[in-house]
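Undergrad: If you scroll down you'll find the structure; I have some questions about it.
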Amino acid sequence: MVTRCKVWRPKNLQEAWSIHSQTGIDQSCFVSGGTWLRTQWEAGLLNSPSDIISLESLEELKKIIVQRTENNQEFVKIGSSTTIADCIKNPILRKNTEALVMSCEKIAAPSIRNQATIGGNILTAVGDTLPALLIYDAELTWYDGKLFESELLEKWLITRQFEPHKNETRLLVHINIPLEENSKKSFYFHKKIGRRKTFTPAIVSVAGKGKINNLNNFQSVTLAVGGGSSLPIKLFEAERVLNGFPFSLSLLKKVHTAIFDEYVVVSDAFMTDQYKKTVAANLITAELCNIVEQGGDQNAVG
Ligand SMILES: Cc1cc2nc3c(=O)[nH]c(=O)nc-3n(C[C@H](O)[C@H](O)[C@H](O)COP(=O)(O)OP(=O)(O)OC[C@H]3O[C@@H](n4cnc5c(N)ncnc54)[C@H](O)[C@@H]3O)c2cc1C
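Using UniProt numbering, you'd call the opening residue of the sequence shown number 1 and step up by one each time.
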């Protein structure tokens, strides 16, 4: 059956919100690239809304800029409608958030990446950018028609976990990432395992960043995992086990156990939870091993 729906093309945020509230928050739907929504509608997993609000013409949501907070902390502000392809090309992101760029490079095929947006990827709650955004302590800026509200991505994901069926009704405006100084001993990585090598969502994807000091101790390490239908999480216990300690095989074993215990994931038709936990723990410990073997002064491990 062909269902008819009305497509709106607001020119600014206020207009987008006003259409959203006039058409009924549960009846209308924001669309950025439409690549995820299309698959949901075609598979009958979501009902087609009566009103589609395209965010395509909102140029203010397509910029990537560096700004300072009142406390003089630099952060990069990524517009929610920035395409995955533009994230990959952007020099600010390539210099400061390399693991995020690596996660974008592994999403779908180039034709999808030209259309798909970072905001849409976040809103699916299972997108491949999420583990990378988590390790950078990304913050989301929402608009609810009256106020701009900031929320840590990590907190938003926890809320999604407890209210999986509640639709997000606010409009995602920006993603803010605090900037850190990259030293020679900084490292970062992003790894994705899918059922095929490319063009497929992750079964498990992991991201990490940190430093190794002159005594070979791990410092400021942040780790995250996601993939499949499970919500991405930060691996706080594994970070605690690592930070402040020098590399050793016994440390790696402890990290492996911590990841296995901390990553709560469900079995699906193809893979057991035990398999996914093992893959996540193996991927992260193998990356840490690579980094130390290469002297800690290398950066990317793709
Ligand atoms: C062939 C194919 C391969 C794919 N491979 C991958 C992959 O490897 N990894 C991966 O992570 N994903 C993959 N995807 C899924 C999808 O393409 C990405 O997640 C993409 O980034 C979604 O962005 P979008 O702009 O198209 O989102 P949309 O489809 O426009 O929207 C997604 C959700 O976000 C909401 N939304 C969008 N923008 C806003 C906003 N500003 N404020 C509030 N709500 C908003 C929408 O209402 C919807 O609920 C694939 C899709 C296809 C078709």
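Backbone N, C-alpha and C define an ideal beta-carbon position, used for all residues, glycine too. This structure is a prediction, so every number in the text was calculated from the model and none was measured.
#1: According to the neighbour-count rule (16 or more other Cβ atoms, all chains shown, within 10 Å of its Cβ), is Ile121 buried or exposed?
#2: What's the call for Asp144, buried or exposed, on a 16-neighbour Cβ count within 10 Å?
#3: Using CA atoms only, rank isn't needed, just tell me which of Trp8, Leu37, Ser183 is closest to Asp51.
#4: Return the CA-CA distance between Asn217 and Met102, expressed in angstroms with no decimal places.
#5: Spell out a yes or no on whether the region 60 to 69 and the region 36 to 52 are touching, meaning 3 or more CB-CB pairs, one atom from each, closer than 8 Å.
#6: Which of helix, strand or coil does DSSP assign to Pro246?
#7: Can you tell me where the alpha helix (DSSP H) holding Asn121 begins and where it ends?
#8: For the beta strand (DSSP E) holding Leu152, just list the boundary residues, first then last.
#9: Any beta carbon from chain B within less than 7 Å of Thr159's own beta carbon?
#10: With a threshold of 8 Å, are at least 3 pairs of Cβ atoms found where one atom belongs to the region 123 to 137 and the other to the region 175 to 182?
#11: Could you work out which residue in Cys29, Leu251, Asn282 is closest to Tyr263 when comparing CA atoms only?
#12: Report yes if the C-beta of Ile112 is less than 6 Å from at least one heavy atom of ligand 1; otherwise report no.
#13: Leaving aside the five residues before and after Lys62 along the sequence, list all residues of the same chain whose C-beta is less than 7 Å from its C-beta, in chain order.
#14: Under 8 Å, with one C-beta from each stretch per pair, do the region 219 to 228 and the region 245 to 254 reach the 3-pair mark?
#15: Straight-line CA distance for Lys11 to Gln274?
#16: Given a threshold of 16 other Cβ atoms within 10 Å of its Cβ, counted over all protein chains shown, does Gly302 qualify as buried or as exposed?
#17: Drop a sphere of 10 angstroms on the beta-carbon of Ser28, count the other beta-carbons inside from all chains shown, and report buried for 16 or more, exposed for fewer.
#18: Report the partner residues of Ala138 according to the DSSP bridge assignment.
#19: Would Trp36 pass as a contact of Thr169 if the rule is Cβ separation under 7 Å?
#20: Helix or strand or just coil, what does DSSP make of Glu105?
#21: Quick check for students: name the residue ranges of the alpha helix (DSSP H) that lie wholly in the region 7 to 83, counting only runs of 4 or more.
#22: Name the two residues that bound the continuous beta strand (DSSP E) containing Asn90.
#23: Considering only the beta carbon of each residue, do Phe30 and Ile53 sit closer than 7 Å?
#24: Could you check the C-alpha separation between Trp156 and Phe162 for me, to the nearest Å?
#25: Among Ile193, Cys104, Thr141, which residue has its Cα nearest to the Cα of Thr129?
#26: Does the region 182 to 189 come close enough to the region 104 to 117 that 3 or more CB-CB pairs lie under 8 Å?
#27: Give a yes or no on whether the C-beta atoms belonging to Ala286 and His190 are separated by under 7 Å.
#28: Gly302 by DSSP, collapsed to three states: which one?
TA: In short:
#1: At residue 121 the sequence reads Asn, which differs from the Ile that was named. That one is buried.
#2: exposed
#3: Trp8
#4: 25 Å
#5: no
#6: strand
#7: Counting along the chain, the unbroken alpha helix (DSSP H) around Asn121 starts and ends at 118 to 123.
#8: That run of the beta strand (DSSP E) goes 148 to 152.
#9: Chain labels in this structure do not include chain B; a single protein chain is all it has.
#10: yes
#11: Looking from the CA of Tyr263, the closest CA among Cys29, Leu251, Asn282 belongs to Asn282.
#12: A distance criterion of 6 Å places the beta-carbon of Ile112 in contact range of ligand 1, judged by its closest non-hydrogen atom.
#13: Gly79, Ser81, Thr82
#14: no
#15: Approximately 48 Å between the Cα atoms of the pair.
#16: Here Gly302 scores only 48 on pLDDT, less than 50, and its place in the model is too uncertain to base an answer on.
#17: buried
#18: According to DSSP, which records beta bridges pairwise, Ala138 is partnered with nothing at all.
#19: no
#20: helix
#21: As far as the region 7 to 83 is concerned, its whole alpha helix (DSSP H) runs of at least 4 residues are 13 to 23, 35 to 42.
#22: Note, Asn90: premise wrong, no beta strand (DSSP E); not H, not E.
#23: yes
#24: Answer to the nearest angstrom: the Cα atoms are 10 Å apart.
#25: Cys104
#26: no
#27: no
#28: At Gly302 the pLDDT is 48, less than 50, meaning the model places this residue with poor confidence; the figure from the coordinates comes in the next sentence. Coil, per DSSP.
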